[in-house]
Amino acid sequence: MAPRRPDLATELLARMAEDQRMRLLPKADQPPDHLARWRAVDADNTDALRRVVDAHGWPGFALVGKEAAHAAWLLAQHAGEDPEFQHRALGLLAAAVEVGDADPADLAFLVDRCRVHDGLPQVYGTQYIRDADGLRMQPVEDPDHLDERRAAAGLEPHAENDARMRALYEEA
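According to the working numbering, the stretch in the sequence shown is residues 1129 to 1300, in order.
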C-alpha cells in the first residue's frame, strides 16, 4: 500500500540521510565546526518532525511508509536537546505501535533513550556509552530478563547486539 503522504516520506528520508551523513563522517573529513553543524542538523530535524507531528500525528506506516516511519523514529531518537518533545514523540510512537502503524523495535530504542536521558535504567539494553572504561551498555533494569524483553520488541539477543556494537564502535 502506498503511503498517504509521499511528500512527507521524501522529506523524512532526506533528513535521515543528512542525520546519518553528519554522524558517520570520518574524523579526517570533519571540518573544525562539525559538532556545531551536527547540532544544527539535529535541531532543524527536531523542528521539522515537530511540525509533521503537529499537523498529522505520528508519521507511521500508513502516512509515510515503513522506511520513512523509521526515519521519523531516528529524528525523534536524536531529538535529545528537546526532551519534552522527545517524550511526546515517545507517547505518539507507542500509540502507533499499539495499532500496528510503527515498528516495536523503534519504540524499544526510544524508550531506552528517554529513560537514559531521565537518569533511569533502560529496559531493552539499546543504549551504549564510550568513556574512559571503553564501550559499555548503559545500566539496564532486570538484566536476567533482558533477552525476553528484547525478543518481544523484535530485537536480537543482547550478546549478538553487544558483539555488533563492539565491532562497530570500538574501532572508531
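Ideal Cβ placement from N, Cα and C applies to all residues, glycine included.
Remember, it's a predicted structure, so these values are computed and weren't measured experimentally.
- The C-alpha of A1230 is placed about 7 Å away from the C-alpha of A1197.
- Exposed is the label assigned to L1296, since fewer than 16 other Cβ atoms lie within 10 Å of its Cβ.
- For V1181 and D1161, the gap between their C-alpha atoms comes out near 30 Å.
- For R1278, the three-state secondary structure derived from DSSP is helix.
- Within the same chain, M1129, P1131, R1132, D1229 come within 8 Å of A1190 by CB-CB distance, once the 5 residues on both sides are set aside.
- Distance from the CA atom of D1261 to the CA atom of A1183, rounded to whole angstroms, is 44 Å.
- In the DSSP assignment, G1262 is bridged to D1259.
- Take Q1205, set aside five residues on each side of it, and the residues of its chain with a beta-carbon closer than 7 Å to its own are F1237, L1238, R1241, in chain order.
- The three-state secondary structure of V1268, taken from DSSP, is strand.
- Along the segment 1169 to 1211, the alpha helix (DSSP H) occurs as fully enclosed runs of 4 or more residues at 1189 to 1192, 1194 to 1205, listed in sequence order.
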